[in-house]
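Those letters in the sequence shown? Residues 254 to 549, per our numbering, in order.
Even glycine gets a Cβ: it sits at the ideal position worked out from N, Cα and C.
Since the model is a prediction, treat every value here as computed from it, not as a measurement.
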Amino acid sequence: MTRILGGSDLAAAIRNDASVAAAALTEIGIRPKLAVVLATADESTAWYVRSIAGAARRTGIECDIVDLGPEATTEEIHAVLVELGHDPDVHGIILQTPLPDGTDLDLLREAINPGKDIDGTNPVSLGRLIAHLPAFAPATAQAVLALLDHHGIDLRGKTATVVGRSTVVGTPVAHLLVQRDATVTVCHRHTADLVAGTRSADIVVVAVGIPRLITAEHISDGAVVIDVGTTATDDGQLLGDVDADSVDGRAGALTPVPGGVGPVTTALLLNHTVDAASTQSAVRRAASLVGLQSSR
């Protein structure tokens with residue numbers, strides 16, 4: 254039987270840690286605050302953002318949803334991101350996609366203050382992550398590693414294949430796996446033989462947004478499969494990139510969709526917000542002390 258690697262228990266533990274830390278900060282006058290910027294009429298995205306806001310508030314984190322509407326321009330979104338980056342009361346910023354057609358996503362990601370970039374989308378954050386320097390990893394990528402750790406899956410010396418090379422999941426997941434001493438292959442839309450790329454791997458991480466792309470033929474007996482994909486159907490279902498029925502019994506372990514990577518991702522975003530608030534308050538205190546000393 255394939256073992257199910259659920260994320261609910263881990264997500265609850267992360268949220269609990271964030272709640273305790275948020276309460277400690279609030280006691281000394283620092284209320285962690287998250288700002289989520291969106292510009293879309295997509296209801297599933299709006300629902301996801303509302304769920305983040307609700308989880309944040311239950312954790313003791315203030316959350317502002319900055320809805321710019323589906324007609325927002327690059328310039329309008331950019332101005333808001335810069336303003337939030339300079340707002341001392343805002344500790345974490347998320348730029349929610351999708352964005353309106355024609356907007357410059359790369360430019361907008363660069364506008365996010367790296368110290369408040371809790372989802373690791375600014376190229377500075379990704380560069381620091383790859384260089385093993387302190388930075389917030391993209392939360393979904395970090396959730397993959399957190400789930401593997403939570404379920405006791407050792408990575409050292411294992412072969413891993415990542416299907417997908419986006420800068421928000423595939424690329425950072427690959428680097429995080431390498432940092433944990435796995436040997437990593439990355440497959441993408443131009444990979445000539447996807448089966449050959451995945452079939453020999455001990456661990457397969459799939460993040461492409463193509464429902465049921467991965468079937469039993471792609472998986473070796475006993476492989477651990479992490480399904481990051483979430484595609485909403487017209488009837489309200491959420492489909493992963495892995496055909497769970499097909500790989501059942503062949504895969505040694507599989508994350509469910511929903512209930513696997515998703516809840517851990519949300520919990521990590523909250524944890525990152527609290528960490529950012531703590532770091533920013535420490536920097537301000539240090540700067541204040543320096544200012545006091547220099548004025549004497």
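Closer than 8 Å, CB to CB, is residue i near chain C or not?
i: W300; result: Considering every chain present, this structure includes no chain C. It has just one protein chain.
Using CA atoms only, rank isn't needed, just tell me which of the options is closest to residue i.
i: A274; options: L492, V536 and D528; result: D528
i: E324; options: A309, E315, I463 and T293; result: T293
i: A530; options: A288, R452 and H441; result: A288
i: V536; options: L321, R268 and G368; result: G368
i: L430; options: T526, I463 and Q395; result: Q395
i: C316; options: G322, I305 and A266; result: I305
i: V495; options: L466, D487, L523 and G489; result: L466
i: Q490; options: S534, P464, N524 and L263; result: P464
i: T412; options: R452, P387, I283 and T518; result: R452
Can you pull the DSSP bridge partners for residue i?
i: D474; result: The partner list for D474 (beta bridge, DSSP) is empty, contrary to what the question assumes.
i: E315; result: K286
i: A308; result: Looking at the DSSP assignment, A308 forms no beta bridge with any residue, so it has no partner.
Only counting the same chain, and skipping five residues up and downstream in sequence, which positions put a Cβ closer than 6 Å to that of residue i?
i: A504; result: T255, I472, A476 and V478
i: G493; result: D480, G482 and V510
Given a cut-off of 8 Å, decide if residue j and residue i are closer than it, judged by their beta-carbon atoms.
i: V416; j: V343; result: no
i: I330; j: V302; result: no
i: G260; j: G502; result: no
i: A485; j: S297; result: yes
i: I346; j: D370; result: yes
i: T312; j: R381; result: no
i: P391; j: V439; result: no
i: P285; j: I314; result: yes
i: G423; j: L258; result: no
i: I383; j: H441; result: no
i: S499; j: T468; result: yes
Apart from the five residues on each side of it in sequence, which residues of its chain come closer than 8 Å, Cβ to Cβ, to residue i?
i: L361; result: T327, I330, H331, L334, L348 and L352
Is residue i near the ligand PLP - that is, is its Cβ less than 7 Å away from at least one heavy atom of it?
i: Y301; result: The ligand PLP is not part of the structure shown, which contains no ligands of any sort.
Quick one: what's got a C-beta closer than 7 Å to residue i's C-beta in the same chain, skipping five residues either side?
i: T444; result: G450
Do the segment 367 to 384 and the segment 396 to 408 meet, that is, are 3 or more Cβ pairs less than 8 Å apart? no
Answer yes if the segment 329 to 339 comes into contact with the segment 258 to 276, meaning at least three C-beta pairs across the two stretches below 8 Å, and no otherwise. no
Are three or more beta carbon pairs between the segment 495 to 512 and the segment 349 to 364 nearer than 8 Å? no
How do the segment 450 to 465 and the segment 420 to 437 stand: do at least 3 beta-carbon pairs fall below 8 Å, yes or no? yes
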